[in-house]
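Engineer:
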Amino acid sequence: DAGVIQSPRHEVTEMGQEVTLRCKPISGHDYLFWYRQTMMRGLELLIYFNNNVPIDDSGMPEDRFSAKMPNASFSTLKIQPSEPRDSAVYFCASRPTGGRRGAFFGQGTRLTVV
Amino acid sequence: KQEVTQIPAALSVPEGENLVLNCSFTDSAIYNLQWFRQDPGKGLTSLLLIQSSQREQTSGRLNASLDKSSGRSTLYIAASQPGDSATYLCAVRSQGGSEKLVFGKGTKLTVNP
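Listed below in structure tokens is the structure:
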């Protein structure tokens, strides 16, 4: 298995632009998570899905952030409009129900908003 | 609210040394605890996962222990190697049905040849 695949790996955008981050979870995993990592706050959960349904989005910082999972093999995290304080590394992770090994993380997308 | 703390923030040791990384959490009602490794510019790699009913888990030169009552976990690395240099993160999943992992900020380990 190729693991959790995120794209792009790096994104540089100007303030005010829309940014879309993409994730392909591991096949057969029915939980998908979006995390954000910053130096100040470390890793924080933004939102997670179970069977494509958003379960907990309490970590989404503002209405500028939205996430979708239209099918079991694809999810997006969108920021519109982007701001410099959104600069961070965004990770996607997935795991199966009852997974005894915990979550598997993607390589992350490093977002820089200038 | 669960909070996870890792001390020290950074650690530098000579090759071959045995070492211990510490993780503490404020709410003992946990479902499991997981140790991850993160290399610069890379994602997280799961090292060990300890269920709340377990006291320790071992994988190769790594041993993780869990003491729920004191809110602590340790990651023991035996005979450290330069390739062990990375940031080690501890994450806790609480009881109550949430799938959320609460992470510590990590310990950055450097093993010098």
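So the protein sequences, as listed, match chains A and B. The first sequence begins at 1 in our numbering and counts up by one. The second sequence begins at 115 in our numbering and counts up by one. Cβ coordinates follow ideal geometry from the N, Cα and C atoms, glycine included.
1. Let me see if you follow: with CB-CB separation under 8 Å, is B/S212 close to chain A or not?
2. Please determine, among A/G59, A/H10, A/R64, A/G16, the residue with the shortest C-alpha to C-alpha distance to B/K156.
3. Within a Cβ cutoff of 6 Å, which residues of the same chain sit near B/P128, ignoring the five residues on either side of it in sequence?
4. What are the uninterrupted segments assigned as beta strand (DSSP E) that are 3 or more residues long and contained completely in the stretch 120-198 of chain B, given in chain order?
5. When you compare the CB of A/G108 with every CB in chain B, is at least one pair closer than 8 Å?
6. Do you know how far the Cα of A/V53 is from the Cα of B/S194?
7. Could you tell me the alpha carbon to alpha carbon distance between B/F217 and A/R22, rounded to whole angstroms?
8. Given this structure, state the Cα-to-Cα distance separating B/S179 from A/T13, to the nearest angstrom.
9. Considering only the alpha carbon of each residue, which of B/Q165, B/Y145, B/V134 lies closest to B/G210?
10. State the Cα-Cα distance for the pair B/V206 and A/V113, rounded to the nearest angstrom.
11. Which runs of the beta strand (DSSP E) at least 3 residues long sit entirely within the stretch 38-93 of chain A? Give them in chain order.
12. Do you know offhand how far A/S87's Cα is from A/Q17's?
13. Pull out every residue of the stretch 152-182 of chain B whose Cβ sits closer than 7 Å to any Cβ of chain A, in chain order.
14. For A/Q6, count neighbouring Cβ atoms within 10 angstroms of its own Cβ and tell me buried if that reaches 16, exposed if not.
15. Return the first residue and the last residue of the beta strand (DSSP E) that A/H29 is part of.
16. Does DSSP put A/A2 in a helix, a strand or coil?
17. Starting from B/K222, follow the beta strand (DSSP E) in both directions and report where the run begins and ends.
18. For A/S82 and A/V19, what's the separation of their Cα atoms in angstroms?
19. By alpha-carbon positions, which one of A/H29, A/L43, A/G28, A/D30 ends up nearest to A/G108?
20. Using only CA atoms, which one of B/D198, B/A143, B/L223, B/L158 lies nearest to B/W149?
21. Name the chain D residues whose beta carbon is nearer than 8 Å to that of A/F91?
Structural biologist: Taking the geometry as given:
1. One-based indexing of the second sequence puts residue 212 of chain B at position 98. Chain A contact via Cβ: present.
2. Sequence index remark: in the second sequence, residue 156 of chain B carries index 42 (1-based). Out of A/G59, A/H10, A/R64, A/G16, A/H10 has the C-alpha closest to the C-alpha of B/K156.
3. Translated into positions along the second sequence, residue 128 of chain B becomes position 14. Counting only Cβ-Cβ distances below 6 Å, and skipping sequence neighbours, we find N226.
4. 124-128, 133-139, 144-152, 158-165, 170-173, 176-181, 186-191
5. On the first sequence, residue 108 of chain A is found 108 positions in, with the first residue counted as 1. Yes, contact with chain B.
6. Sequence index remark: in the second sequence, residue 194 of chain B carries index 80 (1-based). Sequence index remark: in the first sequence, residue 53 of chain A carries index 53 (1-based). Taking the straight line joining both Cα atoms gives about 43 Å.
7. One-based indexing of the second sequence puts residue 217 of chain B at position 103. One-based indexing of the first sequence puts residue 22 of chain A at position 22. Distance between the alpha carbons of B/F217 and A/R22 is about 23 Å.
8. Taking the second sequence and counting its residues from 1, one reaches residue 179 of chain B at position 65. Taking the first sequence and counting its residues from 1, one reaches residue 13 of chain A at position 13. Their backbone Cα atoms lie some 43 Å apart in a straight line.
9. As a working note, residue 210 of chain B is residue 96 in the second sequence. When only C-alpha atoms are compared, the closest one is B/Y145.
10. Looking up residue 206 of chain B in the second sequence gives position 92. Looking up residue 113 of chain A in the first sequence gives position 113. So the two alpha carbons sit approximately 30 Å from each other.
11. 42-50, 53-56, 65-71, 74-79
12. The residue given as residue 87 of chain A occupies position 87 in the first sequence. The residue given as residue 17 of chain A occupies position 17 in the first sequence. Their Cα atoms are separated by approximately 13 Å.
13. K156, G157, L158, S160, L163
14. The residue you call residue 6 of chain A lines up with position 6 of the first sequence. By the neighbour-count rule (16 or more Cβ atoms within 10 Å), A/Q6 is buried.
15. Locating residue 29 of chain A in the first sequence gives position 29, where the first residue counts as 1. Taken as a continuous stretch (DSSP letters only), A/H29 belongs to no beta strand (DSSP E), as it is neither H nor E.
16. Residue mapping note: residue 2 of chain A aligns to position 2 of the first sequence, counting from 1. A/A2 falls in the coil class under three-state DSSP.
17. Mapped onto the second sequence, residue 222 of chain B falls at position 108. 221-226 is the span of the beta strand (DSSP E), which, as asked, contains B/K222.
18. Taking the first residue of the first sequence as position 1, residue 82 of chain A is located at position 82. Taking the first residue of the first sequence as position 1, residue 19 of chain A is located at position 19. When rounded, the distance between both Cα atoms is 7 Å.
19. Taking the first residue of the first sequence as 1, we reach residue 108 of chain A at position 108. Nearest of A/H29, A/L43, A/G28, A/D30 to A/G108, Cα basis: A/L43.
20. For the purposes of this step, residue 149 of chain B is identified with residue 35 of the second sequence, where counting begins at 1. Among B/D198, B/A143, B/L223, B/L158, the Cα nearest to that of B/W149 is on B/L158.
21. You won't find chain D in this structure, because its protein chains are A and B.
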